[in-house]
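Numbering (my numbering), first residue to last: 1257 to 1635.
Glycine residues also receive a C-beta, built at the ideal position from the N, C-alpha and C atoms.
For reference, the structure discussed in these notes is given below.
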Ligand code: PLP
């Protein structure tokens, strides 16, 4: 049976990416590796529309978030943490473990952060070292409008750190253009690469702030990473997972060959059509505001039905999704759409959902027809 991996990371790898990761290893201290590193840096800069360098760390997304925290926060600092769900809470916990004091802003599950509210909290709490935001809250499928939030902040503001673990690659994320100071992301979601690479980008302002800080972690010390990155032959200070660099290089080719704008638009269209399709089937979308829905993943429940049983039905057909987290454990189906987002992929998922939920008192109308209407609309 063909398996379809629709979890929000790791994701199904395109064949070219799998093949690239299987290539023979090269030394990480040779010109070929530097060339590979430079290619990846330049493609990431294109995707994120930013000047480099971007530190590439051998870790998952949590490690990239921890890297931001340990380089910029410590016991004498205060930070503002905006949480819309499980991953906002995790970023907060990571930052709090540096000993810094937290000003929490909790947004109800399924809702996006309100730009005015965030601006108000920033104004009320002068002197904070950092503001933590999550671009795509993977536990709910909410997309926060980072550009709008930053634009509404007062001039005197903390460094703005973004968890882009489940957004980068699947949707617009332009940290330099938007005024982000630190972006952390990972390889295994929108970047269509196996898990194992954490990426960290810093603004000029954050680079300057870095100079006055000392990092208690050796492995995550960004000063060490930047020193190596800025050499004529860029490298990683420690032994990197070379196979993952091959894979990331190939995945970036795939996204950029399609055209990042076109790629993002295809994901938006898929998400919109999927939302219409699951609603037509009788599922309830967790995120009510269509403008706040993620284009990388969709979360929905089954009123009066058993979400876990539907997930099992899907699994029996070879379709693996994720369930709910925290308060939504057992009540949600979370389906990711990071890879190829064509009509065949969409109709496979809707068809599988239709079959997996058939026994629950669910509407038996033609969901595919409803989704197709959305699909045909212009972006
Ligand atoms: N932040 C977000 C928004 C995520 O979706 C995830 C993983 O799902 C993480 C952080 C943690 O990343 P990892 O599991 O790669 O450590």
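Compare the Cα-Cα distances from residue i to each of the options and report the closest residue.
i, options, result
"residue 1386", "1366, 1409, 1392", "1409"
"residue 1384", "1369, 1399, 1334, 1426", "1334"
"residue 1497", "1289, 1331, 1353, 1365", "1289"
"residue 1457", "1282, 1451, 1474, 1437", "1437"
"residue 1435", "1444, 1451, 1411, 1596", "1411"
"residue 1630", "1582, 1424, 1525", "1525"
"residue 1344", "1312, 1366, 1535, 1532", "1366"
"residue 1363", "1379, 1353, 1350, 1390", "1390"
"residue 1495", "1463, 1453, 1306", "1453"
"residue 1404", "1416, 1557, 1607, 1421", "1416"
"residue 1567", "1537, 1592, 1613, 1598", "1613"
"residue 1463", "1474, 1482, 1449", "1482"
"residue 1361", "1340, 1493, 1354", "1340"
"residue 1596", "1547, 1572, 1555, 1516", "1516"
"residue 1549", "1293, 1319, 1368, 1357", "1368"
"residue 1396", "1279, 1326, 1308, 1556", "1556"
"residue 1545", "1605, 1398, 1512, 1487", "1398"
"residue 1488", "1274, 1294, 1318, 1357", "1294"
"residue 1598", "1468, 1273, 1322, 1529", "1529"
"residue 1478", "1269, 1319, 1302, 1278", "1319"
"residue 1508", "1444, 1282, 1570", "1444"
"residue 1604", "1372, 1578, 1574, 1279", "1574"
"residue 1372", "1346, 1406, 1342", "1406"
"residue 1286", "1342, 1316, 1314, 1491", "1491"
"residue 1580", "1542, 1569, 1572, 1547", "1542"
"residue 1274", "1354, 1505, 1474", "1505"
Do residue i and the ligand PLP come close, with the Cβ less than 7 Å from some heavy atom?
i, result
"residue 1393", "yes"
"residue 1549", "no"
"residue 1321", "yes"
"residue 1289", "no"
"residue 1581", "no"
"residue 1431", "no"
"residue 1346", "yes"
"residue 1451", "yes"
"residue 1390", "yes"
"residue 1442", "yes"
"residue 1264", "yes"
"residue 1554", "no"
"residue 1468", "no"
"residue 1421", "yes"
"residue 1577", "no"
"residue 1343", "yes"
"residue 1316", "yes"
According to DSSP, which residues form a beta bridge with residue i?
i, result
"residue 1404", "DSSP output for residue 1404 lists no bridge partner at all."
"residue 1457", "1310, 1439"
"residue 1335", "1358, 1386"
"residue 1418", "1389, 1439"
"residue 1554", "1591"
"residue 1235", "Residue 1235 is absent from the model: the chain starts at 1257 and stops at 1635."
"residue 1469", "Looking at the DSSP assignment, residue 1469 forms no beta bridge with any residue, so it has no partner."
"residue 1398", "1393, 1549"
Just verifying my parser: in three-state terms, what is the DSSP assignment at residue i?
i, result
"residue 1381", "coil"
"residue 1259", "coil"
"residue 1392", "strand"
"residue 1491", "coil"
"residue 1354", "coil"
"residue 1589", "strand"
"residue 1313", "strand"
"residue 1636", "Given a span of 1257 to 1635 for the chain in the structure shown, any question on residue 1636 remains unanswerable."
"residue 1426", "coil"
"residue 1604", "helix"
"residue 1369", "coil"
"residue 1576", "strand"
"residue 1541", "strand"
"residue 1413", "coil"
"residue 1528", "helix"
"residue 1566", "helix"
"residue 1633", "coil"
"residue 1615", "coil"
"residue 1284", "coil"
"residue 1509", "helix"
"residue 1478", "helix"
"residue 1449", "coil"
"residue 1323", "helix"
"residue 1305", "coil"
"residue 1269", "coil"
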